[in-house]
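Visitor:
In the numbering used here, the protein residues as written are 15 to 306.
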């Protein structure tokens, strides 16, 4: 059996640790079968081929939840670059949980997602679902709470360009840089942006969605890890982007607009002008995990 789990854009502007959306490219693929012992082989971007592989971590977590000791032999084709900001660890975590769910006949969404989040705990040091949840459903997702797990979903289907520069920003490092408190005016502004963005998405008003892709909680502090951010953002907006922001904790960025292919080309050229190579993914949002 084989499962494909796509990349995700977490935060999506003002929704720090709350908003997320699945995209069509890039993606991880995991083929698997029952085995007498745990085994994982990796193609593509290199990640551990041992028990530290988070696909194994999440698969074991799900098995433990249902009191089983089944082992899997897995082959992971890693198409999402680690430390990219587009849900690389989330994709592998969800793939492992889905593999074990298929073998054990588990169909409970919450159980699968909680197992996947255990993989995220190992990868980033904290349990967060703003990658695994949209990767599972594909929709624009809003995490209301974890205890109990409550998720809101908005079906979406529009083009986006994701540009991934050849820079690494570990999620753990990007989290450490955040302050424990933020100014009241920034919290109020983010609340206004987030509420308005949800309504704009429901109306499919992409120009307004783009205008609302701002953040006052994490981005002002994470910019010190991305000295190039303002230059690239200005180039994207001049190229016709409705809006531009960082995906997750970066370094990947994304933009929406009328001609996302051209916008992506300009963003990549701007990075190139700073001697930074970049991959460009022109894709659609709204892609969830699929079996094939």
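Note that the Cβ used here is the ideal one computed from N, Cα and C, for glycine as well.
Computed from a prediction, not measured in an experiment: that's the story for all the values here.
#1: Could you have a look at residue 84 and say whether DSSP puts it in helix, strand or coil?
#2: Quick one: Cα of residue 120 to Cα of residue 129, how far?
#3: Skipping 5 residues on each side, what residues in its chain have a beta carbon closer than 7 Å to that of residue 38?
#4: In the DSSP assignment, what residue or residues form a beta bridge with residue 57?
#5: Taking residue 105 as the reference, give the member of 69, 82, 89 with the closest Cα.
#6: Please name the residue in 117, 236, 257 whose C-alpha comes closest to that of residue 49.
#7: Grab me the residues of residue 85's own chain with a C-beta within less than 6 Å of its C-beta, minus the 5 sequence neighbours each way, in chain order.
#8: Do three or more CB pairs link the region 16-31 to the region 190-207 at distances below 8 Å?
#9: Keeping to the same chain, check which residues put their C-beta closer than 6 Å to that of residue 135; ignore five residues upstream and five downstream.
#10: Can you tell me whether DSSP reads residue 280 as helix, strand or coil?
#11: For residue 113, which three-state DSSP category applies?
#12: Out of 218, 167, 81, which has the shortest C-alpha to C-alpha gap to residue 150?
#13: Return the chain-ordered ranges of every beta strand (DSSP E) run that is complete within the region 173-199 and spans a minimum of 3 residues.
#14: Considering just the uninterrupted stretch of the alpha helix (DSSP H) at residue 74, what are its terminal residues?
#15: In the DSSP assignment, find the unbroken alpha helix (DSSP H) run with residue 244 in it and report its ends.
#16: Alpha carbon to alpha carbon, how far is residue 265 from residue 304? Give it in angstroms, no decimals.
#17: Assign residue 288 to buried or exposed, taking buried as 16 or more other Cβ atoms, counted over all protein chains shown, within 10 Å of its Cβ.
#18: Just verifying my parser: in three-state terms, what is the DSSP assignment at residue 18?
#19: Does residue 81 pass the burial test, meaning 16 or more other C-beta atoms within 10 Å, or should it be called exposed?
Guide: Looking at the coordinates:
#1: Of the three classes helix, strand and coil, the one that applies to residue 84 here is coil, per DSSP.
#2: Taking the straight line joining both Cα atoms gives about 12 Å.
#3: The residues 20, 297, 298, 301, in chain order, have a CB closer than 7 Å to that of residue 38 in the same chain once the five nearest residues on each side in sequence are set aside.
#4: Paired residue(s): 91.
#5: For the residues 69, 82, 89, the minimum Cα distance to residue 105 belongs to 69.
#6: The shortest C-alpha separation from residue 49 is found at 117.
#7: Within the same chain, residue 85 has close Cβ partners 49, 51, 52.
#8: Verdict: yes, contact present.
#9: If we look at residue 135 and ignore the five residues flanking it on each side, its Cβ neighbours are 141.
#10: Residue 280 falls in the helix class under three-state DSSP.
#11: Three-state DSSP puts residue 113 in a helix.
#12: Taking residue 150 as reference, the option from 218, 167, 81 with the minimal CA-CA separation is 167.
#13: Every beta strand (DSSP E) stretch that sits fully inside the region 173-199 and reaches 3 residues is listed by chain position as 173-179.
#14: Run containing residue 74: 68-79, per the alpha helix (DSSP H) assignment.
#15: First-last of the alpha helix (DSSP H) with residue 244: 243-252.
#16: Taken atom to atom, the span from the alpha-carbon of residue 304 to that of residue 265 is near 26 Å.
#17: Using a 10 angstroms sphere on the CB of residue 288, the tally of other CB atoms stays under 16, which defines it as exposed.
#18: Residue 18 falls in the strand class under three-state DSSP.
#19: Burial call: exposed.
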